[in-house]
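In what follows, a structure is listed as structure tokens, so that the remarks can point back to it.
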Amino acid sequence: MGLMAGVEIKNITDWWKLGNVDALVHIFPGVLCGLVLFILSSKVQHFLVLPVCLTVLLLSFYAFLLVSGFSFDDVRRTGWVSFAPAAVSSPLQVFDLFDFSLVQWHVIPNQIFTWLGMYFVVAFSSSLDVAAIEMNMGSELDYNHELKTVGWSNAVSGMLGGFTGSYIFSQTIFTLKSNTNSRIPGIVVLVSELVIFVSPVALTAYIPKFFFGALLSLIAIDLMMEWLLHAYSKLRFREYLIVVATFVLINLLGLESGMLGGLVCAMTNFVFTYSEGVSVAKMFSRSRVQRNYQDRQYLTKHQSQIVALELHGYFFFGSSIRLVEHIKHNIYVDASKSHVKTSLKESTPLLKATARVESSFVDEDPNRYICTLKELDELHASTPSSTCRKSILEPGTRPTQYLLLDFEHVTGIDATASRSCFQAMKTILARHHISLIFSRMASNLERQLEKNEVLGGGDADGVTIFKSVDAGLEFCENMLLNERPPPTPSTALQAKDLFPKAKKQPDSFATVSTLTSVLTSALESWSSAAESSIFLPSQNIERYFTKQTLATGERVFSQNDATSSLFVVESGELEIYKETATSSSPNRIIKVSEGSLVGEVDFYLEQDRSFTCQATAPSVVFELTRASLDQMVSGDPQLCTAIQTVFLKCMSLGVHNHLLVNHTPLEK
Numbered sequence: 003m004g005l006m007a008g009v010e011i012k013n014i015t016d017w018w019k020l021g022n023v024d025a026l027v028h029i030f031p032g033v034l035c036g037l038v039l040f041i042l043s044s045k046v047q048h049f050l051v052l053p054v055c056l057t058v059l060l061l062s063f064y065a066f067l068l069v070s071g072f073s074f075d076d077v078r079r080t081g082w083v084s085f086a087p088a089a090v091s092s093p094l095q096v097f098d099l100f101d102f103s104l105v106q107w108h109v110i111p112n113q114i115f116t117w118l119g120m121y122f123v124v125a126f127s128s129s130l131d132v133a134a135i136e137m138n139m140g141s142e143l144d145y146n147h148e149l150k151t152v153g154w155s156n157a158v159s160g161m162l163g164g165f166t167g168s169y170i171f172s173q174t175i176f177t178l179k180s181n182t183n184s185r186i187p188g189i190v191v192l193v194s195e196l197v198i199f200v201s202p203v204a205l206t207a208y209i210p211k212f213f214f215g216a217l218l219s220l221i222a223i224d225l226m227m228e229w230l231l232h233a234y235s236k237l238r239f240r241e242y243l244i245v246v247a248t249f250v251l252i253n254l255l256g257l258e259s260g261m262l263g264g265l266v267c268a269m270t271n272f273v274f275t276y277s278e279g280v281s282v283a284k285m286f287s288r289s290r291v292q293r294n295y296q297d298r299q300y301l302t303k304h305q306s307q308i309v310a311l312e313l314h315g316y317f318f319f320g321s322s323i324r325l326v327e328h329i330k331h332n333i334y335v336d337a338s339k340s341h342v343k344t345s346l347k348e349s350t351p352l353l354k355a356t357a358r359v360e361s362s363f364v365d366e367d368p369n370r371y372i373c374t375l376k377e378l379d380e381l382h383a384s385t386p387s388s389t390c391r392k393s394i395l396e397p398g399t400r401p402t403q404y405l406l407l408d409f410e411h412v413t414g415i416d417a418t419a420s421r422s423c424f425q426a427m428k429t430i431l432a433r434h435h436i437s438l439i440f441s442r443m444a445s446n447l448e449r450q451l452e453k454n455e456v457l458g459g460g461d462a463d464g465v466t467i468f469k470s471v472d473a474g475l476e477f478c479e480n481m482l483l484n485e486r487p488p489p490t491p492s493t494a495l496q497a498k499d500l501f502p503k504a505k506k507q508p509d510s511f512a513t514v515s516t517l518t519s520v521l522t523s524a525l526e527s528w529s530s531a532a533e534s535s536i537f538l539p540s541q542n543i544e545r546y547f548t549k550q551t552l553a554t555g556e557r558v559f560s561q562n563d564a565t566s567s568l569f570v571v572e573s574g575e576l577e578i579y580k581e582t583a584t585s586s587s588p589n590r591i592i593k594v595s596e597g598s599l600v601g602e603v604d605f606y607l608e609q610d611r612s613f614t615c616q617a618t619a620p621s622v623v624f625e626l627t628r629a630s631l632d633q634m635v636s637g638d639p640q641l642c643t644a645i646q647t648v649f650l651k652c653m654s655l656g657v658h659n660h661l662l663v664n665h666t667p668l669e670k
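Laid out in structure tokens, this is it:
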């Protein structure tokens with residue numbers, strides 16, 4: 003607009019120069035022509051649209067001069083065309099400027115920082131230009147190739163006395179809009195610039211200003227439509243605000259200051275976006291250890307006492323606050339053990355009744371109120387007349403005793419998060435007697451927490467670290483099982499072991515009675531003896547099973563071995579894991595104990611061993627080979643039916659545990 007109006011516009015303080023009638027008259031044709039060019043190029047998809055329109059625009063101007071009788075001097079005096087320069091120099095005179103005797107060498111050291119600044123500005127702006135062109139083209143560019151082109155162009159320009167620069171974004175978009183997908187525009191530009199350089203005539207003295215204004219208006223309208231209108235539906239609201247803010251700041255403060263202000267806005271948005279990128283997912287808090295019916299029943303009832311969370315992202319001050327809030331929403335505490343109990347007792351009967359109804363769970367103790375830690379904080383901060391929101395918890399929810407945090411997807415933790423989040427969280431959990439467990443923590447994260455005194459305090463620091471989530475969950479489950487009260491006569495009658503540990507018998511009857519007890523108890527777990535028509539003749543079992551005693555670390559079978567048998571665990575513990583060439587530590591699939599079935603899947607599918615099975619404690623197993631099973635089918639079908647029923651129920655339990663542990667949806 004300043005070019006068309008014949009005034010210099012540096013920033014918004016100079017816009018008043020465009021407010022007079024003469025300036026508006028000179029601006030209007032260029033803006034109108036630019037708008038027409040934009041509409042035609044958008045509606046008609048042909049590469050000749052813009053060249054033809056621009057040619058028609060110039061010819062129309064010259065035709066107007068011819069018809070009206072105005073000369074170039076007339077239109078120059080009225081400001082429609084630029085004046086010709088007073089003197090036109092020869093192209094060879096440019097090289098007269100290369101006189102090193104005129105160089106002020108003492109000034110160069112003071113320009114080093116300016117030179118470095120320009121170096122980074124050009125490099126950064128060139129990268130932005132390539133990215134912007136790539137976005138408008140809708141196809142991928144080779145960044146290294148494009149930046150090398152810019153670098154060599156600047157080197158040649160500098161050696162010939164030219165200026166530094168990058169891709170002319172506006173000209174590139176203009177060529178793109180013309181749909182000329184060839185090298186012809188580049189060749190035309192090169193030839194035209196060479197002609198202008200060697201020509202003794204200044205072409206700008208014969209081309210109207212509104213012609214250049216129309217081209218610039220076309221590019222400006224196209225960019226504003228793309229980034230101020232169409233971008234609204236493509237960008238997130240905060241990103242769109244950055245675009246608008248950068249546009250406004252450039253117009254208010256100038257290009258350099260406006261770009262700097264836009265960069266500050268983008269950095270601020272990045273901090274907020276990165277803090278929101280941190281996510282916490284609630285995992286299913288059961289390990290892959292296959293336990294007996296009594297243990298499973300107890301752990302199911304007390305499952306809410308173990309909370310497992312999977313952390314994602316980089317934790318700093320902003321994101322750590324969200325982590326603490328998320329943990330408080332997932333931790334359950336007994337509000338009756340705090341001063342809230344007193345406030346509840348002192349409230350009116352109506353408020354007390356409301357508190358009882360809203361309380362998510364009332365345990366066996368009628369004076370026990372379970373709520374989240376976040377709700378407890380709200381109760382502490384509330385007045386007797388205020389009300390606090392209550393979340394709806396599952397029936398049977400109990401206070402949390404163990405919090406497990408999985409760090410596999412954590413990329414980093416800074417010092418502020420170590421102090422403000424993890425150290426504070428450890429203090430809060432200790433106040434409510436909640437143990438903190440970490441799993442799959444990288445060594446650099448562990449060192450960071452040790453430096454900030456979150457770890458490294460020995461047993462007194464209250465944090466236990468495990469190499470896997472499953473090992474951490476197993477630890478929590480074992481602690482809960484060790485803390486359970488001794489069974490009462492009523493619970494003993496209700497308990498059903500899938501494969502209970504057999505009673506000790508004299509050595510002469512050890513194999514027969516022990517294995518019979520294990521298999522018979524499995525059948526009685528689901529049906530009483532009166533209802534079941536299947537029974538196990540103990541005198542025949544020893545003919546088909548072979549007893550094996552395993553030491554700690556001894557393998558039952560190895561991955562890829564031929565499968566010829568399956569095993570019933572009488573006592574001890576076995577781990578089944580997957581061996582990989584890339585992992586030094588085995589990936590545990592499941593842990594089994596007394597009464598479990600091992601190797602049955604590969605046995606029935608008649609395939610090689612998919613996993614490795616190894617004893618983690620002194621164990622006793624019974625082996626059933628394929629030949630023995632075939633012999634049982636033909637020689638004792640009744641016993642075979644009973645044993646197959648036991649195996650079927652055991653495999654069903656394994657499938658049930660697998661579905662619970664691996665296919666329970668995560669909560670965000």
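Sequential numbering of the sequence shown, starting at 3, is according to the numbering used here. C-beta: ideal position from N, C-alpha, C; glycine also. These numbers were taken from a predicted model, which means no experiment stands behind them.
My assumption, with CB atoms under 8 Å, is that residue i sits in contact with residue j. Please give the rounded CB distance.
{"i": "G36", "j": "I223", "result": "6 Å"}
{"i": "C409", "j": "L447", "result": "In the sequence under discussion, the amino acid at residue 409 is Phe, which differs from the Cys named in the question. That belief holds up - the Cβ atoms of F409 and L447 are roughly 6 Å apart, short of 8 Å."}
{"i": "S321", "j": "V291", "result": "The pair is not a contact, with the Cβ atoms about 33 Å apart (cut-off 8 Å)."}
{"i": "S598", "j": "C652", "result": "7 Å"}
{"i": "L301", "j": "E479", "result": "6 Å"}
{"i": "L178", "j": "N146", "result": "Rounded, the Cβ-Cβ distance is 22 Å, inconsistent with contact."}
{"i": "T399", "j": "I430", "result": "The Cβ separation is near 19 Å, so there is no contact."}
{"i": "R293", "j": "S595", "result": "7 Å"}
{"i": "L626", "j": "F547", "result": "6 Å"}
So the beta strand (DSSP E) residue i belongs to, where does it begin and stop?
{"i": "R557", "result": "557-559"}
{"i": "V571", "result": "567-573"}
{"i": "I252", "result": "Note, I252: premise wrong, no beta strand (DSSP E); alpha helix (DSSP H) at 239-255."}
{"i": "E136", "result": "Premise fails: E136 lies in the alpha helix (DSSP H), 114-139, not in any beta strand (DSSP E)."}
{"i": "T627", "result": "621-627"}
{"i": "T413", "result": "404-415"}
{"i": "R590", "result": "589-594"}
{"i": "G315", "result": "308-317"}
{"i": "M285", "result": "281-285"}
{"i": "K549", "result": "548-552"}
Is the beta carbon of residue i sitting closer than 8 Å to the one on residue j?
{"i": "I436", "j": "I333", "result": "yes"}
{"i": "E572", "j": "K593", "result": "no"}
{"i": "L405", "j": "V309", "result": "yes"}
{"i": "F319", "j": "A419", "result": "yes"}
{"i": "D297", "j": "L483", "result": "yes"}
{"i": "V326", "j": "C423", "result": "yes"}
{"i": "N248", "j": "G256", "result": "A quick correction: the sequence has Thr, not Asn, at residue 248. Contact: no."}
{"i": "P93", "j": "A204", "result": "no"}
{"i": "T206", "j": "S84", "result": "yes"}
{"i": "F317", "j": "V250", "result": "no"}
{"i": "L52", "j": "L39", "result": "yes"}
{"i": "F171", "j": "A133", "result": "no"}
{"i": "I244", "j": "N271", "result": "yes"}
{"i": "V96", "j": "G163", "result": "yes"}
{"i": "Q425", "j": "V456", "result": "yes"}
Using DSSP's beta-bridge definition, name the partner residues of residue i.
{"i": "F468", "result": "S441"}
{"i": "D336", "result": "I372"}
{"i": "Y579", "result": "R590, T614"}
{"i": "V291", "result": "K593"}
{"i": "L20", "result": "Note: L20 sits in no beta bridge, so no partner."}
{"i": "P202", "result": "Paired residue(s): none; P202 is not in a bridge."}
{"i": "A599", "result": "Per the sequence shown, the amino acid found at residue 599 is Leu instead of Ala. Per DSSP, V570."}
Which residue comes first and which comes last in the alpha helix (DSSP H) that contains residue i?
{"i": "E10", "result": "Counting along the chain, E10 falls outside any alpha helix (DSSP H), and DSSP gives it neither H nor E."}
{"i": "Y606", "result": "602-607"}
{"i": "C55", "result": "51-70"}
{"i": "L30", "result": "A small correction: the amino acid at residue 30 is Phe; Leu does not occupy that position in the sequence shown. Segment 23-45, the alpha helix (DSSP H) holding F30."}
{"i": "W154", "result": "145-161"}
{"i": "S219", "result": "211-226"}
**Study point:** Inter-stretch contact at 8 Å, needing at least 3 Cβ pairs: the segment 447-457 / the segment 265-283
**Key:** Verdict: no, contact absent.
Review point. Is the number of C-beta pairs between the segment 145-165 and the segment 124-134 that are closer than 8 Å three or more?
Key: Contact holds: three or more Cβ-Cβ distances are below 8 Å.
Check your understanding: How do the segment 23-41 and the segment 207-222 stand: do at least 3 beta-carbon pairs fall below 8 Å, yes or no?
Key -> As far as the Cβ criterion goes, the segment 23-41 touches the segment 207-222, which means the pair count is three or higher.
Exercise for review: Count the C-beta pairs between the segment 544-554 and the segment 620-627 that are closer than 8 Å, then say yes if the count reaches three, no if not.
Suggested key: The answer is yes - the segment 620-627 touches the segment 544-554, with three or more Cβ pairs under 8 Å.
Review point. Contact between the segment 6-14 and the segment 52-71: three or more CB pairs below 8 Å?
Key: Counting C-beta pairs with one atom in each stretch, the segment 6-14 and the segment 52-71 have fewer than three that are closer than 8 Å, which means they do not touch.
Review point. Does the segment 557-565 come close enough to the segment 609-616 to have 3 or more Cβ pairs within less than 8 Å?
Key: Three or more beta-carbon pairs separated by less than 8 Å link the segment 557-565 to the segment 609-616, which places the two stretches in contact.
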